[in-house]
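The sequence shown begins at 1216 in the working numbering and counts up by one. Note that CB positions come from ideal geometry on N, CA and C, so glycine has one too.
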Amino acid sequence: FFFNDTATTEIYTEQIVGSVRCVQETVSEVPNAFELLKEEMDSDETAVRINAIHRLRVVGTLIGAEQIKNTLLPYLDSLIKKEDDEVLFAIASELVQLQPLLGGNSVILLSMLENLSSVEETVVREQAFKSILHLCKNLSDAEIQNHIVPLVLRMAGGDWFTSRVSAVNIIPSIYPRAGPHKEKIRQKFLELCNEE
């Protein structure tokens, strides 16, 4: 802006600087998205916790990939042992929504989905292995062979039937992309099918 006199210029400059300070103060008062999520997850109401989980993508977008990896995922992982099945189902559903935000590093979601694939509640298990299969669509053959095949073999060798059932459901989808591991996967599949 160009003004003819110095007094007018100073007035407008002060107004602009004041507006910037006001915006800065307002932004600093906005709570961190992750802290809001944690606060909602502390609620006694299951519906509030489920709704909080359904906003994972928004939270992830606001905090960025580094904070997703370093803060959000470890926090969500800590919830698996203590949350209600309804909340675990929401976590299993919504984790895949973080995949585009992780910049090609979506394999870090697999550990948590593997844990969810082993829980006792059937609908949670099913959603977890469906989410693993969804992630697989965007993984390279090398990532399938280096990350998914070992995951499936661990699940297939689990002590509890829950992880073995999930492994049986994942194997047919990854088999064509398993490369040199096809024979091992086929044998494990046949072994699991013959279990009672």
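- For I1283, which residues from the same chain have a beta carbon less than 7 angstroms from its beta carbon, with the 5 sequence-adjacent residues on both sides left out? Excluding residues within five positions, the ones whose Cβ falls inside 7 angstroms are G1275, L1313, L1316 and L1317.
(message) In chain order, what are the residue ranges of uninterrupted alpha helix (DSSP H) at least 4 long that sit wholly in the stretch 1258 to 1287?
(response) 1261 to 1268 and 1271 to 1282, all fully within the stretch 1258 to 1287.
For this session: Would you decide whether H1269 is buried or exposed? Buried here means 16 or more other CB atoms lie within 10 Å of its CB.
Result: Exposed, since its Cβ has fewer than 16 Cβ neighbours within 10 Å.
- Query: Apart from the five residues just before and just after E1336, which ones in its own chain have a Cβ nearer than 6 angstroms to its Cβ?
  - Reply: Same-chain partners within the cutoff: D1300.
Next item on the list: Check the C-beta distance from I1295 over to L1348 and give it rounded, since I have them as a contact under 8 angstroms.
Entry: Actually they do not touch by this definition, with Cβ atoms about 20 angstroms apart.
* Asked: Near S1321, which residues of its chain fall below 6 angstroms by C-beta distance, leaving aside the five closest residues on each side in sequence?
  -> Taken in chain order, the residues that qualify are Q1314 and L1350.
Open item on the list: I'd like the list of long-range same chain contacts for R1392, defined as Cβ closer than 7 angstroms, with 5 residues on each side in sequence excluded.
Closed with: Closer than 7 angstroms at the Cβ level, and outside the excluded window around R1392, lie D1356 and I1359.
*Is the CB-CB distance between A1343 and L1324 below 7 angstroms?*
Taking 7 angstroms as the Cβ cut-off, A1343 and L1324 do not qualify as a contacting pair.
Through-space distance from E1406 to L1252, alpha-carbon basis
CA-to-CA, the gap between L1252 and E1406 works out to about 43 angstroms.
Please classify E1309 as buried or exposed, where buried requires at least 16 neighbouring CB atoms within 10 angstroms. With 16 or more other Cβ atoms within 10 Å, it is buried.
Quiz prompt | C-beta atoms of V1339 and A1307 nearer than 7 angstroms | solution = One thing to note: V1339 has its Cβ within 7 angstroms of the Cβ of A1307.
With distances taken from CA atoms, which of P1387, E1341 and S1332 is nearest W1375? The option with the nearest alpha carbon to W1375 is S1332.
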